[in-house]
Every structure is written in structure tokens, then in C-alpha cells.
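Undergrad: Handing you a structure now.
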Amino acid sequence: MVENKTNIEKENIEEERKVAKISNRAILVLECVICYSSIAIFLTLTIIASYCEMSNALRFVLILVGLVDLLVSCFTAFYLEVKAGCYICAKCGNKHQPSYLKALISPHIGWTRYMKCPKCGKSSWNKKKF
Ligand SMILES: [Zn+2]
Numbered sequence: 002m003v004e005n006k007t008n009i010e011k012e013n014i015e016e017e018r019k020v021a022k023i024s025n026r027a028i029l030v031l032e033c034v035i036c037y038s039s040i041a042i043f044l045t046l047t048i049i050a051s052y053c054e055m056s057n058a059l060r061f062v063l064i065l066v067g068l069v070d071l072l073v074s075c076f077t078a079f080y081l082e083v084k085a086g087c088y089i090c091a092k093c094g095n096k097h098q099p100s101y102l103k104a105l106i107s108p109h110i111g112w113t114r115y116m117k118c119p120k121c122g123k124s125s126w127n128k129k130k131f
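Letter by letter, the sequence shown follows residues 2 to 131 of the numbering used here.
Below is the structure:
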């Protein structure tokens, strides 16, 4: 009876891990969609403002709207990236989730960030784990 309950608990934990992994991947795909669509909107508005006949005030408004959309979208997408999954320290293998500001100021290549590990205190390239 107790052994069956333990097996069921283990299966539930494993199922929760699978669901979390799928959710984290979906969030990271959403991050890419948000970033690339906002870049496309910004470029489209900038090209329209550059090549179409209109007043300078309207040009300014179009570029400003595109720029605000780009900034808000990129910072939102970055927030999703930081909160989905975790980072793994290359030195000790510790899994950790950095603060938004710490991740924002750390250099990165793709989803790999150069950060200081909270456990071992060493700086290394931390890979994103879903
Ligand atoms: Zn470490």
C-alpha cells in the first residue's frame, strides 16, 4: 500500500516535470515570436516614415510608436526568458534562477549567459535549462 503510494507520487512528480519542461519551451518560443514581431513592426513603421509623403510630426510619431513597441516587447520577452527554466553553472552544475537585473547586465550568446553562480561564487557561462 505504502509502496504503491510512493510509486504514484514519483509518477506525479515526473509528470509535473514533463509539463513544466513543455511550458518553459512554449514560453521561450513566445519570447522569440514577441521579439521578431516587434522588430518587424519597428522596421515597417520606420520604412513607412522614411519613404512616404507625410508631415514631419507624423514621421516622428510613427518612429516613436515603433520604438516604444520594440522596447516594451523586448523587455517583456527578456522577462519571460529569465523566468522560464533555470541556468546551470558551468563550474559546479548548480541550477539557479538569476534576478531580472542580474540577467539583464550579464553578457550573453543566445540563451547562455556569463554570470556569477550564487552557490560556488565563480563566474562562468551558464547555459539555459528548460
Ligand atoms: Zn557554481
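Quick reminder that beta carbons are idealized off the backbone N, C-alpha and C, glycines included.
Between P108 and the rest of its own chain, which residues show a CB-CB distance below 6 Å, the 5 nearest in sequence each way excluded?
TA: For P108, where only same-chain residues beyond five positions count, the Cβ hits under 6 Å are Y115.
Undergrad: Drop a sphere of 10 angstroms on the beta-carbon of P176, count the other beta-carbons inside from all chains shown, and report buried for 16 or more, exposed for fewer.
TA: Nothing about residue 176 can be read from this structure; the chain reaches only from 2 to 131.
Undergrad: Please tell me whether K130 and G86 are closer than 8 Å, where the distance is taken between their beta carbons.
TA: Cβ atoms of K130 and G86: closer than 8 Å.
Undergrad: What are the uninterrupted segments assigned as beta strand (DSSP E) that are 3 or more residues long and contained completely in the segment 74 to 112, given in chain order?
TA: The segment 74 to 112 contains these whole beta strand (DSSP E) runs: 87 to 89.
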